[in-house]
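Okay, so the sequence shown: first residue is 1 according to UniProt numbering, each after it adds one.
Glycine residues also receive a C-beta, built at the ideal position from the N, C-alpha and C atoms.
Okay, structure first, notes after.
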Amino acid sequence: MIRLLVVDDQDIFRQDLATLLSASADLDVVGQASHGREALALTQHLQPDVILMDVRMPVYDGVTATREIIQRYPWIRILVLTTFDDDEYVWQSLQAGALGYLLKHTPIEQIVTAIRSVYLGYCQLGPTIVPKVVAQLKPNPSRPKDDYYYL
């Protein structure tokens with residue numbers, strides 16, 4: 001059984017997502033949080049296996065929460081699920097320790113598959129996210145050699 005924590009500031013979306021995920025026999029939504037600080041507190045208490053994390057939230061954003069959770073609990077897997085596909089959000093989330101980045105319009109079956117893969121330690125990137133990550137890895141001739149990014 002994969003223990004999940006769902007973190008999103010949109011109450012209806014978060015609750016509906018939790019309901020849909022609970023329909024999978026191997027997923028157990030153990031908690032829900034509306035911002036990153038709440039997610040950090042619930043993580044300490046609930047010790048989920050996987051956290052579905054939104055990026056832009058009040059009080060404490062998802063990138064900051066991801067970084068802090070991974071520093072304190074490196075065995076917990078984080079999958080970002082958001083509406084924002086900005087290059088900076090993608091890159092910051094992955095650098096903070098997220099193993100995946102999906103957009104909210106991803107079909108529920110694919111989200112469930114991604115949760116299972118992230119739980120096993122595999123990276124999961126949505127089809128529009130992959131080119132953004134690859135672009136960050138390509139050498140830029142105008143940048144000094146020591147300034148390349150690595151995952």
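Query	Result
Classification of A65 by the beta-carbon crowding that lies within 10 angstroms, buried from 16 upward	buried
Spatial neighbours of E68 in its chain, beta-carbon cut-off 7 Å, leaving aside the 5 residues before and after	L40
G100 vs D61 beta-carbon contact at 8 Å	no
Which of helix, strand or coil DSSP assigns to T64	helix
Residues sharing a beta bridge with Q124, DSSP	G100
Among H105, A114, E38, the one whose alpha carbon lies nearest that of I78	A114
C-alpha distance - L151 paired with A33, whole-angstrom precision	In this predicted model, L151 has a pLDDT of only 48, less than 50, meaning its place in the structure is not dependable enough to derive any value.
Boundaries (first-last residue) of the beta strand (DSSP E) holding V30	27–33
Exposure label - L120; buried when at least 16 CB within 10 Å	exposed
Anticipated Cβ contact below 8 Å, D9 with P58, distance rounded	6 Å
In DSSP terms, what R56 is bridged to	R56 is not bridged to any residue.
One or two residues paired with T82 in a DSSP bridge	L103
Burial state of Q92 (16 or more Cβ within 10 Å)	buried
As assigned by DSSP and simplified to three states, the class of V129	The displayed chain sequence assigns Ile, not Val, to residue 129. It is coil, neither helix nor strand.
V7 to F13 span [Cα, whole Å]	10 Å
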